[in-house]
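Taking it in order: structure first as structure tokens, then the write-up.
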Amino acid sequence: MQTLILSAVLLAFSTAAFAGGAFTLQFDNPSEDGGFTQNQLLSAPYGFCCSGDNASPALSWKNPPAGTKVSS
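Count the sequence shown with mature numbering (1 follows the signal peptide of the UniProt record, and there is no 0) and you get residues -19 to -1, 1 to 53, in order.
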């Protein structure tokens, strides 16, 4: 009986630890095909023959790992 109770308590705590969900990262303004838009491509002056504006995509995330720091 004690083993059953102990198992139930451990199961309850282990599922609570993972209830926050997985870390997910996405960019919020993809093109129609799900890739980067033209303005997010590298611009020609960098020597890669692209004609984009070299703009950074807008990123968003959920459930970052503990201790994650944000810089802007």
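Positions of the beta carbon are idealized from the N, C-alpha and C atoms, including for glycine.
The structure presented is a predicted model; accordingly, all values stated were derived computationally and were not measured.
Beta-carbon spacing of residue i, residue j below 8 Å
i, j, result
"CYS31", "SER24", "yes"
"GLY33", "LEU40", "no"
"PHE4", "ASN44", "yes"
Residue i versus residue j: straight-line alpha-carbon distance, rounded
i, j, result
"PRO46", "GLN19", "32 Å"
"GLY48", "GLU13", "35 Å"
"GLY2", "TYR27", "39 Å"
Local Cβ density within 10 Å of residue i, reported as buried at 16 or more and exposed below that
i, result
"LYS50", "exposed"
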